[in-house]
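Our numbering numbers the first residue of the sequence shown as -15 and each following residue consecutively.
All C-beta atoms, glycine included, are put in the ideal place defined by N, C-alpha and C.
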Amino acid sequence: MSAITADTARRLPKAELHLHLDSGFEVEDAVRLAEENGVPLLKEPPDAMFDWEDLQEFLTFLDWVLCLPRNGEQVASLSYSLAQRQRRSGVSYTDMMVSPIHWKNFEGPLEEFIAAVASGLEEAERDGCPPVYLSVSISRKHSRAEAHEVLDTMLAMGHPRVVALSIDGNEALVGRTGDRFAPVFKRARANGLGIRAHAGESSGPEGVWDAIDLLKTQRVDHGVRSVEDPELVEELVERGIFLNVCPWSNVLLGLYPDRESHPIRTLVDAGARVTLNTDGSGFYRITLEDEYVTASEVYGWSTDVLRRLARTSVEASFCQDPLRSELLAGIDAFDFGD
Ligand code: ADE
Ligand code: ZN
-15 MSAITADTAR RLPKAELHLH LDSGFEVEDA VRLAEENGVP LLKEPPDAMF
35 DWEDLQEFLT FLDWVLCLPR NGEQVASLSY SLAQRQRRSG VSYTDMMVSP
85 IHWKNFEGPL EEFIAAVASG LEEAERDGCP PVYLSVSISR KHSRAEAHEV
135 LDTMLAMGHP RVVALSIDGN EALVGRTGDR FAPVFKRARA NGLGIRAHAG
185 ESSGPEGVWD AIDLLKTQRV DHGVRSVEDP ELVEELVERG IFLNVCPWSN
235 VLLGLYPDRE SHPIRTLVDA GARVTLNTDG SGFYRITLED EYVTASEVYG
285 WSTDVLRRLA RTSVEASFCQ DPLRSELLAG IDAFDFGD
């Protein structure tokens, strides 16, 4: 079959689950904030700042760029713009992550930072953007105590926009941390929060085993390196674990040389519950509709497979009824025009 068009991909109801505010705002915003704050650019010309060899170079860039927003207004405006971009891509619901460890120059306590992110999302929704909910990320670099402090703040706030505890960072740098973070994830679950974990990108299959067995998450962000362990893939299928996959991000950050060699096809063919995501639509200069179009081009997927990916994105999300049922019904009834 021929590939779907960007317009069809935009109209298809879908959720995006793997998207960081940390990397989900526009390149132009970063350059403008640097100018406003009188901070010299990391590299000249500005475009050179957006060429990363690997995840670590990218995370170093994030540490620089996220020192730029200082106050609640700036942070709220970034999350507002992200929700607008989700609307432009036809994303009906988003589970967005934010990782406070990077935002070092924010002038205020963590609760003010979280409230600022949430207020931008709320204002956007009032202005007609689709809902974006928030997962607050701890970092693999955090100590056990620091991770509990982040969760303490989340629980004390009880903010209705904050739906999950997440974890990200470079596992290749810090090694296995499942035991360190298992208690904080257990406490998040016990207090009714959703949980999700980055694994199987900067870690191999062992990181995914730890995420599902120690952190006990049903939602793995990336998870693509699971293909290196067939027993793990079987287990993921058996347990119905969701893998929130970001093909372009993995190519951009050097995990795979190109889309053709990306393991998403193997995972889908094996029956894993895969969703398609951008990871960071702004800094990665990709949109979610591009991901659907490119997947249909490169992997030759039928509209049945694309419909299943969209359906899984809603099933894997923290989206609640009635929106959840409405989206699933909209996906089932969607006319691809084929
Ligand atoms: N934080 C932001 N993007 C990330 C990624 N791709 N992997 C791990 N941590 C991240
Ligand atoms: Zn990510």
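Problem - Length of the line joining the Cα atoms of V341 and G74 - result: Residue 341 falls outside the range modelled here, since the chain spans only -15 to 322, and no answer is possible.
Handout entry: Contact the segment 12 to 30 vs the segment 272 to 290: 3+ CB pairs below 8 angstroms
Key = At 8 angstroms Cβ cutoff, the stretches do not touch.
Problem - Residue interval of the alpha helix (DSSP H) (run including N228) - result: Following the DSSP letters along the chain, one finds N228 in no alpha helix (DSSP H) but inside the beta strand (DSSP E) bounded by residues F226 to V229.
Problem - Secondary structure, beta strand (DSSP E): runs of 3+ residues fully inside the segment 19 to 92 - result: Whole beta strand (DSSP E) segments, 3+ residues: 77 to 82.
Problem - Complete beta strand (DSSP E) runs within the segment 230 to 316 (minimum length 3 residues, chain order) - result: The qualifying runs are 257 to 260.
Practice task
Buried or exposed for S245, please, with buried defined as at least 16 other CB atoms from any protein chain shown within 10 angstroms of its CB.
Solution key: Its Cβ having fewer than 16 others within 10 Å, S245 is exposed.
Practice task
Provide the residue span of the beta strand (DSSP E) that contains R209, from first to last.
Solution key: Taken as a continuous stretch (DSSP letters only), R209 belongs to no beta strand (DSSP E), as it is neither H nor E.
Handout entry: Beta-carbon contacts of S301 that lie in its chain and below 7 angstroms, excluding the five residues immediately before and after
Key = Listed in chain order, the non-local C-beta contacts of S301 below 7 angstroms within the same chain comprise A(-1), L1, Y77 and D79, local neighbours out to five positions each way being set aside.
Practice task
Would you mind listing the alpha helix (DSSP H) stretches within the segment 164 to 201 that are 4+ residues and don't spill past its ends, in chain order?
Solution key: Those alpha helix (DSSP H) runs which fall completely within the segment 164 to 201 and span 4+ residues are 189 to 197.
Exercise for the section: Could you check what DSSP says for I(-12) in three-state terms: helix, strand or coil? Expected result: Note: I(-12) maps to coil in three-state DSSP.
Practice task
Run the proximity test for S103: is its beta-carbon closer than 7 angstroms to any non-hydrogen atom belonging to the ligand ADE?
Solution key: Incorrect: S103 has no Cβ contact closer than 7 angstroms to the ligand ADE.
Handout entry: Distance, D6 Cα to L50 Cα
Key = Using only the alpha carbons, I get a separation of about 7 angstroms.
Practice task
Would you be able to state if there are at least three C-beta pairs under 8 angstroms between the segment 208 to 224 and the segment 246 to 264?
Solution key: Judged by pairs of C-beta atoms under 8 angstroms, the segment 246 to 264 touches the segment 208 to 224, as three or more such pairs exist.
Practice task
Ignore the nearest five residues each way along the sequence and tell me which others in A60's own chain have a CB closer than 8 angstroms to its CB.
Solution key: Hits under 8 angstroms: A100, V101, S103, G104 and E107.
Handout entry: S297 versus R203, K125 and R16, residue with shortest Cα-Cα distance
Key = If you compare the alpha carbons of R203, K125 and R16 with that of S297, the shortest gap goes to R203.
Handout entry: Candidates V192, N228, T201 and F9: closest to E215 by CA position
Key = Ranking V192, N228, T201 and F9 by Cα distance to E215 puts V192 first.
Practice task
Within its chain, find whatever has a CB closer than 7 angstroms to the CB of L43; leave out the 5 residues flanking it on each side and keep chain order.
Solution key: The residues N154, in chain order, have a CB closer than 7 angstroms to that of L43 in the same chain once the five nearest residues on each side in sequence are set aside.
Practice task
From the DSSP output, in three-state form, read off L149 for me.
Solution key: Three-state result, L149: strand.
Exercise for the section: Figure out for me which residue from E12, D47 and L46 has the closest Cα to the Cα of P30. Expected result: Among E12, D47 and L46, the Cα nearest to that of P30 belongs to E12.
Exercise for the section: Closer than 6 angstroms is what we want: which residues have a beta carbon that near any heavy atom of the ligand ZN? List them in chain order. Expected result: Checking every Cβ against the heavy atoms of the ligand ZN under 6 angstroms gives H2, H4, D152, H182, D205 and D263.
Exercise for the section: Specify the secondary structure class of T133 as computed by DSSP and reduced to three states. Expected result: Sequence inspection shows Glu at residue 133; the Thr mentioned does not correspond to that position. Of the three classes helix, strand and coil, the one that applies to E133 here is helix, per DSSP.
Practice task
Using DSSP bridges, identify the partner residues of E155.
Solution key: Residue pairing of E155 in beta bridges, as defined by DSSP: absent, with no partner found.
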